[in-house]
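Chemist:
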Amino acid sequence: MNVDQLTQPPTDPQPIVTTSPATEAAEASEATEAAEATEASEAVQAAHAAEATAATAARRRPARQAVRRRGAATLRERPPASAVIAECLSRQSAAVPRTRTARFFGRTPLHPEARSWYAGAIGELHVAQRLSRLGPDWSVLHSVPVGRGSRDIDHIAIGPAGVFTMNAKFHDGARVWVGHRTMLVNGQPTDHIRNSRHEGSHAAKLLSDAVGTAVPVQPLVVLVGSREITFKQRPKHVTVLSDRALVGWLRRQRPVPGFDAAGVRHVAEHPSTWHVRGADAAANPDLATFAALRREVATARRTRGIWGAGVIALSVLACWAIVEPALGSALGW
Numbered sequence: 009m010n011v012d013q014l015t016q017p018p019t020d021p022q023p024i025v026t027t028s029p030a031t032e033a034a035e036a037s038e039a040t041e042a043a044e045a046t047e048a049s050e051a052v053q054a055a056h057a058a059e060a061t062a063a064t065a066a067r068r069r070p071a072r073q074a075v076r077r078r079g080a081a082t083l084r085e086r087p088p089a090s091a092v093i094a095e096c097l098s099r100q101s102a103a104v105p106r107t108r109t110a111r112f113f114g115r116t117p118l119h120p121e122a123r124s125w126y127a128g129a130i131g132e133l134h135v136a137q138r139l140s141r142l143g144p145d146w147s148v149l150h151s152v153p154v155g156r157g158s159r160d161i162d163h164i165a166i167g168p169a170g171v172f173t174m175n176a177k178f179h180d181g182a183r184v185w186v187g188h189r190t191m192l193v194n195g196q197p198t199d200h201i202r203n204s205r206h207e208g209s210h211a212a213k214l215l216s217d218a219v220g221t222a223v224p225v226q227p228l229v230v231l232v233g234s235r236e237i238t239f240k241q242r243p244k245h246v247t248v249l250s251d252r253a254l255v256g257w258l259r260r261q262r263p264v265p266g267f268d269a270a271g272v273r274h275v276a277e278h279p280s281t282w283h284v285r286g287a288d289a290a291a292n293p294d295l296a297t298f299a300a301l302r303r304e305v306a307t308a309r310r311t312r313g314i315w316g317a318g319v320i321a322l323s324v325l326a327c328w329a330i331v332e333p334a335l336g337s338a339l340g341w
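Residues 9 to 341 (this note's numbering) make up the sequence shown, in order.
1) In three-state DSSP terms, what is residue 113?
2) Taking all protein chains shown into account, do 16 or more other C-beta atoms lie within 10 angstroms of the C-beta of residue 170, making it buried, or fewer, making it exposed?
3) Between 117, 175, 337 and 148, which has its C-alpha nearest residue 311's C-alpha?
4) Out of 127, 180 and 252, which has the shortest C-alpha to C-alpha gap to residue 97?
5) If you drop the 5 nearest sequence neighbours on each side, which residues of the same chain put their C-beta closer than 7 Å to that of residue 262?
6) Measure how close the beta-carbons of residue 156 and residue 284 come, nearest whole angstrom, since I'm counting them as under 8 Å.
7) Considering only residues of the same chain and omitting the five flanking positions on each side of residue 247, which have a CB-CB separation below 8 Å?
8) Could you give the first and the last residue of the continuous beta strand (DSSP E) run that contains residue 309?
9) Which term fits residue 86, buried or exposed, when burial requires 16 or more other beta carbons within 10 angstroms of its beta carbon?
10) Verify whether the separation of the beta carbon atoms of residue 179 and residue 193 is less than 8 Å.
11) Note down the Cα distance separating residue 287 from residue 279, rounded to an integer number of angstroms.
12) Please report the distance separating the alpha-carbon of residue 111 from that of residue 301.
13) Which residue comes first and which comes last in the beta strand (DSSP E) that contains residue 229?
14) Thinking C-beta only, is residue 176 closer than 8 Å to residue 162?
15) Is residue 307 near the ligand GDP, with its Cβ less than 7 Å from a heavy atom?
16) Determine the DSSP secondary structure at residue 244, reduced to helix, strand or coil.
17) Distance check for residue 121 and residue 206, CA to CA, integer angstroms please.
18) Who are the near neighbours of residue 327 in its chain, counting only those whose CB is closer than 8 Å to its CB and skipping five residues on each side?
19) Measure the alpha-carbon distance for residue 318 versus residue 102 and round it to whole angstroms.
20) From 259, 203, 188 and 254, pick the residue whose C-alpha is nearest to that of residue 241; which is it?
21) How big is the Cα-Cα spacing for residue 307 and residue 88?
22) So, at 7 Å on beta carbons, what are the nonlocal neighbours of residue 252 in its own chain, with the 5 sequence-adjacent residues on each side left out?
23) Helix, strand or coil, according to DSSP, for residue 180 in the structure here?
24) How far does the alpha helix (DSSP H) with residue 158 in it extend, from its first residue to its last?
25) According to DSSP, is residue 250 helix, strand or coil?
26) To the nearest angstrom, report how far apart residue 293 and residue 94 are at their CA atoms.
27) Which residue from 198, 114 and 212 puts its Cα closest to that of residue 305?
28) Buried or exposed: which applies to residue 245, given that a residue is buried once 16 or more other Cβ atoms fall within 10 Å of its Cβ?
29) Which of the three DSSP states, helix, strand or coil, is assigned to residue 143?
30) Who are the near neighbours of residue 224 in its chain, counting only those whose CB is closer than 8 Å to its CB and skipping five residues on each side?
31) Per the DSSP calculation, residue 197 is bridged to which residue(s)?
32) Go ahead and pull the three-state DSSP assignment for residue 255.
33) Using only CA atoms, which one of 291, 270, 184 and 216 lies nearest to residue 238?
Right, dumping it as structure tokens:
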């Protein structure tokens with residue numbers, strides 16, 4: 009043993025392995041096969057992982073697309089009467105298909121529980137059409153979801169004169185009486201004034217909180233299809249008018265000094281300004297199905313009109329058949 013070996017630190021003894029050439033060849037073959045098996049296994053696992061990732065993405069993609077279709081990104085994209093159309097179609101889903109006889113005589117396709125919602129949708133669509141004539145200085149939002157549940161504001165107009173909330177009411181051929189606190193439709197009391205006042209104050213609070221300064225809001229009750237409107241007294245803080253007078257009345261309002269219409273418009277277009285669920289609350293209804301329902305209702309109405317005209321014509325002919333002989337005798341025909 010030399011000096012260098014005495015001064016080196018001790019090391020753990022390593023086992024001495026001896027192999028024959030045949031054994032080395034076998035072990036090399038086994039090692040190669042094991043490596044190939046490992047690579048194959050890893051390739052299979054990678055393929056399975058890729059398939060799983062693709063499947064997950066495929067499942068999520070329609071869901072994301074459904075969310076985009078279901079909720080409007082901004083309220084500018086929300087169609088008029090969205091909330092009442094959705095409720096109308098929900099009630100209408102319980103309707104039994106009409107028979108051929110019912111169609112022949114023009115029976116309405118509307119389910120009894122869907123009729124009031126259908127009328128409400130028609131009223132809101134009519135007001136929306138009127139509001140489309142306001143011009144570039146105004147922005148209009150429709151069916152704005154508010155709060156935590158399913159409540160909404162039919163229309164909101166934002167312009168130089170401030171913010172106006174609108175409660176559209178379709179009372180076809182009705183006589184309306186307006187007092188200081190109440191409104192009668194064909195003699196029946198309604199909550200239109202109270203509800204509109206609440207909508208206006210709620211909208212003012214939400215917008216003021218979002219903007220950071222006081223936002224003036226004027227609530228309106230817009231009557232569609234009414235035959236006559238009688239004002240005993242003008243309601244306080246709520247304006248009642250017909251849809252025919254709506255656009256002209258809005259244009260005549262004086263601009264509010266210092267009112268930032270563009271800033272308020274930007275805030276008002278976000279669903280989260282109004283509803284705790286944001287865009288998820290702004291569901292878009294099935295407009296194609298509602299359009300088909302409108303065509304069915306219109307066809308049924310025309311059919312009933314034809315039958316009504318036919319009955320009147322037959323009644324006139326029957327009366328003439330009875331009167332004509334007597335009249336002929338009297339006149340010497």
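Even for Gly, the Cβ is constructed at its ideal location relative to N, Cα and C. This one's a predicted model, so the numbers in the text were calculated from it and none came from an experiment.
Modeler: According to the structure shown:
1) Residue mapping note: residue 113 aligns to position 105 of the sequence shown, counting from 1. Residue 113 falls in the coil class under three-state DSSP.
2) As a working note, residue 170 is residue 162 in the sequence shown. By the 10 Å Cβ count, residue 170 comes out buried.
3) To locate residue 311, count along the sequence shown from 1; it is residue 303. Answer by Cα proximity: 117.
4) On the sequence shown, position 89 is the one that residue 97 refers to. The shortest Cα separation from residue 97 among 127, 180 and 252 belongs to 127.
5) By 1-based counting over the sequence shown, the position of residue 262 is 254. Within the same chain, residue 262 has close Cβ partners 169.
6) Locating residue 156 in the sequence shown gives position 148, counting from the first residue. Locating residue 284 in the sequence shown gives position 276, counting from the first residue. Between residue 284 and residue 156 the Cβ distance is about 5 Å, and since that is below 8 Å, they are a contact.
7) Here the question's residue 247 lines up with position 239 in the sequence shown. Excluding sequence neighbours, residue 247 sits near 226, 227, 228, 229 and 257.
8) Taking the sequence shown and counting its residues from 1, the one referred to as residue 309 is at position 301. Per DSSP, residue 309 belongs to no beta strand (DSSP E); it is in the alpha helix (DSSP H), 295-339.
9) What you label residue 86 is simply residue 78 of the sequence shown in a count that begins at 1. That one is buried.
10) Start at 1 with the first residue of the sequence shown, and residue 179 comes out as number 171. Start at 1 with the first residue of the sequence shown, and residue 193 comes out as number 185. Contact: yes.
11) Numbered from its first residue, the sequence shown carries residue 287 at position 279. Numbered from its first residue, the sequence shown carries residue 279 at position 271. Looking at the two C-alpha atoms, the distance is approximately 5 Å.
12) Here the question's residue 111 lines up with position 103 in the sequence shown. Here the question's residue 301 lines up with position 293 in the sequence shown. Each residue's Cα considered, the two are about 14 Å apart.
13) Taking the sequence shown and counting its residues from 1, the one referred to as residue 229 is at position 221. It spans 225-232 - the beta strand (DSSP E) in which residue 229 sits, taken as one unbroken run.
14) Within the sequence shown, numbered from 1, the residue matching residue 162 stands at position 154. Within the sequence shown, numbered from 1, the residue matching residue 176 stands at position 168. Yes, Cβ-Cβ distance for residue 162 and residue 176 is below 8 Å.
15) This structure does not include the ligand GDP; it has no bound ligands of any sort.
16) One-based indexing of the sequence shown puts residue 244 at position 236. Residue 244: coil per DSSP, three-state reduction.
17) Within the sequence shown, numbered from 1, the residue matching residue 206 stands at position 198. Within the sequence shown, numbered from 1, the residue matching residue 121 stands at position 113. C-alpha separation (whole angstroms): 26 Å.
18) Taking the sequence shown and counting its residues from 1, one reaches residue 327 at position 319. Cβ neighbours of residue 327 beyond the five flanking positions: none.
19) Along the sequence shown, read from residue 1 onward, the residue named residue 318 stands at position 310. Along the sequence shown, read from residue 1 onward, the residue named residue 102 stands at position 94. For residue 318 and residue 102, the distance between alpha carbons rounds to 32 Å.
20) Stepping through the sequence shown from its first residue, residue 241 is reached at position 233. It is 188 whose Cα lies nearest to the Cα of residue 241.
21) Taking the first residue of the sequence shown as position 1, residue 307 is located at position 299. Taking the first residue of the sequence shown as position 1, residue 88 is located at position 80. Those two C-alpha atoms are separated by around 23 Å.
22) Locating residue 252 in the sequence shown gives position 244, where the first residue counts as 1. The beta carbon of residue 252 sits closer than 7 Å to no other beta carbon from its chain once the five residues preceding and following it are set aside.
23) Here residue 180 corresponds to residue number 172 of the sequence shown, with the count starting at 1. If DSSP states are grouped into helix, strand and coil, residue 180 belongs with coil.
24) Against the sequence shown, residue 158 aligns to sequence position 150. Unbroken run through residue 158: none, as it is neither H nor E.
25) Here the question's residue 250 lines up with position 242 in the sequence shown. Strand at residue 250.
26) Residue numbering aside, residue 293 sits at position 285 when the sequence shown is read from its first letter. Residue numbering aside, residue 94 sits at position 86 when the sequence shown is read from its first letter. Cα-Cα distance, rounded: 5 Å.
27) On the sequence shown, position 297 is the one that residue 305 refers to. Just measuring C-alpha positions, the residue of 198, 114 and 212 sitting nearest residue 305 is 114.
28) To locate residue 245, count along the sequence shown from 1; it is residue 237. So residue 245 counts as exposed.
29) As a first step, residue 143 must be located in the sequence shown, where it is residue number 135. For residue 143, the three-state secondary structure derived from DSSP is coil.
30) Residue numbering aside, residue 224 sits at position 216 when the sequence shown is read from its first letter. Sequence-distant partners of residue 224 (beyond 5 residues in either direction) whose C-beta falls short of 8 Å from its own C-beta, in its chain, are 170, 171, 212, 264 and 267.
31) On the sequence shown, position 189 is the one that residue 197 refers to. DSSP lists 192 as partners of residue 197.
32) By one-based count along the sequence shown, residue 255 stands at place 247. Helix.
33) Residue numbering aside, residue 238 sits at position 230 when the sequence shown is read from its first letter. Considering only alpha carbons, the answer is 184.
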